[in-house]
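Undergrad:
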Amino acid sequence: MTGPARGGADAVVVGLGPVDPALVRPFLPEGALFVADPSAGDLAVAEGAIVRAAFDVDRPLLDRMPRLRVVARTGVGVERVDVAAAAERGIAVAVTPGSNSRAVAEGAFAMVCSLVKRLGESNAFVASGNWGSGSAPVPGDLFGKTLAVLGFGRIGRIIAGFGAAFGMRVIVHDPFVRSEEYENASLEEAVRLADAITLHLPGGGGELLPIELLRTARPGLVLVNCARADLVSAATLRAGLDEGLLAGVGLDVFEVEPARDHPLAGDQRVLLSPHTTGLSEGAMAATFRMAAEAVTATLAGGSPAHVAAV
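Going by numbering that gives the first Met the number 0, the sequence shown opens with residue 0, and the numbers climb by one from there.
#1: Expressed to the nearest angstrom, what Euclidean distance is found between the alpha-carbon atoms of P136 and S113?
#2: From this set, D57, R237 and I49, which residue's C-alpha is nearest G74's C-alpha?
#3: Contact check, V94 vs A307 under 8 angstroms by CB: the rounded distance?
#4: What alpha helix (DSSP H) runs, 4 residues minimum, are completely inside the stretch 44 to 82?
#5: Per DSSP, what kind of secondary structure is N183 in: helix, strand or coil?
#6: Measure from the C-beta of A163 to each C-beta in chain C and report whether the shortest distance is under 8 angstroms.
#7: Tell me which same chain residues have a C-beta within less than 7 angstroms of the C-beta of A53, skipping the five on either side of it?
#8: Under 7 angstroms Cβ to Cβ from V309, same chain only, skipping five residues before and after it: list those, please.
#9: In whole angstroms, give me the CA-to-CA distance for R88 and R58.
#10: Where does N122 fall in DSSP's three states?
#11: Quick test of the definition: if touching needs 3 or more C-beta pairs under 8 angstroms, does the stretch 102 to 110 touch the stretch 209 to 227?
#12: Taking DSSP as the reference, what is the three-state secondary structure of G281?
#13: Could you tell me which residues DSSP pairs with I158 in its beta bridges?
#14: Work out the CA separation of E179 and T276 for me, nearest whole Å.
#15: Which runs of the alpha helix (DSSP H) spanning at least 4 residues fall entirely within the stretch 98 to 122, listed in chain order?
#16: Take I314 as the anchor and find which of Y181, A264, R177 and V176 has the nearest alpha-carbon.
#17: For the alpha helix (DSSP H) that contains A193, what are its first and last residues?
#18: Beta-carbon within less than 8 angstroms of L278's beta-carbon, same chain only, minus the 5 sequence neighbours each way: which residues are those?
#19: Whose C-alpha, out of A285, L208 and S132, is nearest the C-alpha of I196?
#20: For M110, which residues from the same chain have a beta carbon less than 7 angstroms from its beta carbon, with the 5 sequence-adjacent residues on both sides left out?
#21: Pull up the distance between the alpha-carbon of S38 and that of V56, whole angstroms please.
#22: For A264, does the three-state DSSP call read helix, strand or coil?
#23: Suppose the cutoff is 8 angstroms on Cβ atoms and the five residues either side in sequence are ignored; what does the same chain contact list for G7 look like?
#24: Please report how far the alpha carbon of L27 lies from the alpha carbon of D36, in whole angstroms.
#25: Between the Cα of M167 and the Cα atoms of A147, L186 and I154, which residue gives the shortest distance?
#26: Let's test the definition: count the other Cβ atoms within 10 Å of the Cβ of P218 and tell me whether it reaches 16, buried, or not, exposed.
#27: Quick test of the definition: if touching needs 3 or more C-beta pairs under 8 angstroms, does the stretch 235 to 247 touch the stretch 123 to 138?
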């Protein structure tokens, strides 16, 4: 822990959650003091805060930071930031859209490839010692198959490009955006036609893919969710696997995180990652840079490039 914050003209910027000083200091105002592990005294004088996704910024915390001018969130989700309370105090809440989009898209499409090619099952088959005495998993194909991209924002557009590059038919469903390049479809059409589905929509509107809808899909469907856990529940996915509706599932998001005793854990048809597809080295560097630049812009009297809606 540091001691009390320094006085003088230098601005104090604090990290809330794990923030690598080496990735933010080069983009903060000259002379600013960055405190990665702030004390109560540091919070009391901080003018800027760079905040990780798992850290809560609520009214009691804001009350302890009377000089705060900007909260820069690493990512776009502000579910754990009291944006209204910040607005009441004149505090800007900045976000970093697009900084990890390619990393998430790469991770999601890597899951699609691995599940279609049944790499997890093949690895387990070789490791079991049954090669030569049992039937090896038969890999599927990407070329000529249909990829349904549900959500056509930054990540969805990149995923669609990956699918097209592999010779897949790409169909898109988004309630708010139409594609000029790929086929557009209703949700029901997308599920019915898809060989693989990737989810890239915001949550909060109830389950997007209930088991009744999955029962209309083609046999052998692969489903990957690197967006929001509430788009399709673990119970639905478990039922889909058990009923033979799903051939593979990839998850980077969970209803409770950290996930423990997950109902899909241990199934060779399932890939689970600990909400890290967007945390590649390059993505983290870009995210921290955008957050630091948002702080710098605000402390210079301007506004962040991207702010959260109240």
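By construction, the Cβ of each residue, glycine as well, lies at the ideal position given by its N, Cα and C atoms.
All values reported here derive from a predicted model rather than from experimental measurement.
TA: Let's see:
#1: About 13 angstroms.
#2: I49 is the residue among D57, R237 and I49 whose C-alpha sits nearest the C-alpha of G74.
#3: 5 angstroms between Cβ atoms; contact.
#4: Listed in chain order, they are 58 to 62.
#5: Strand at N183.
#6: As a matter of chain content, chain C is missing from the structure shown, which is built from one protein chain.
#7: In the same chain as A53, and ignoring 5 residues on each side of it, the C-beta atoms closer than 7 angstroms to its own belong to G16, in chain order.
#8: Excluding sequence neighbours, V309 sits near V82, A83 and A86.
#9: Using only the alpha carbons, I get a separation of about 10 angstroms.
#10: Helix.
#11: Contact holds: three or more Cβ-Cβ distances are below 8 angstroms.
#12: G281: helix per DSSP, three-state reduction.
#13: Answer is none; I158 lacks a bridge partner.
#14: Spanning the two alpha carbons is a distance of roughly 28 angstroms.
#15: The qualifying runs are 100 to 115.
#16: Nothing can be reported for residue 314: it is not among the residues displayed for the chain, which extend from 0 to 309.
#17: Per DSSP, A193 belongs to no alpha helix (DSSP H) and is neither H nor E.
#18: So the qualifying residues of the chain are N99 and A102.
#19: Among A285, L208 and S132, the Cα nearest to that of I196 belongs to L208.
#20: Correct list, in chain order: V223, G249 and L270.
#21: In a straight line, the C-alpha of S38 is about 16 angstroms away from that of V56.
#22: Correct three-state label for A264: coil.
#23: Bear in mind that a pLDDT of 26 at G7, under 50, signals an unreliable position, so the number given afterwards is only what the model happens to contain. Within the same chain, and ignoring the five residues on either side of G7 in sequence, no residue has its Cβ closer than 8 angstroms to its Cβ.
#24: Each residue's alpha carbon lies about 17 angstroms from the other.
#25: Its Cα nearest to that of M167, the residue A147 stands out among A147, L186 and I154.
#26: Answer is exposed; the Cβ neighbour count stays below 16.
#27: Flag = no, the stretch 235 to 247 and the stretch 123 to 138 do not touch.
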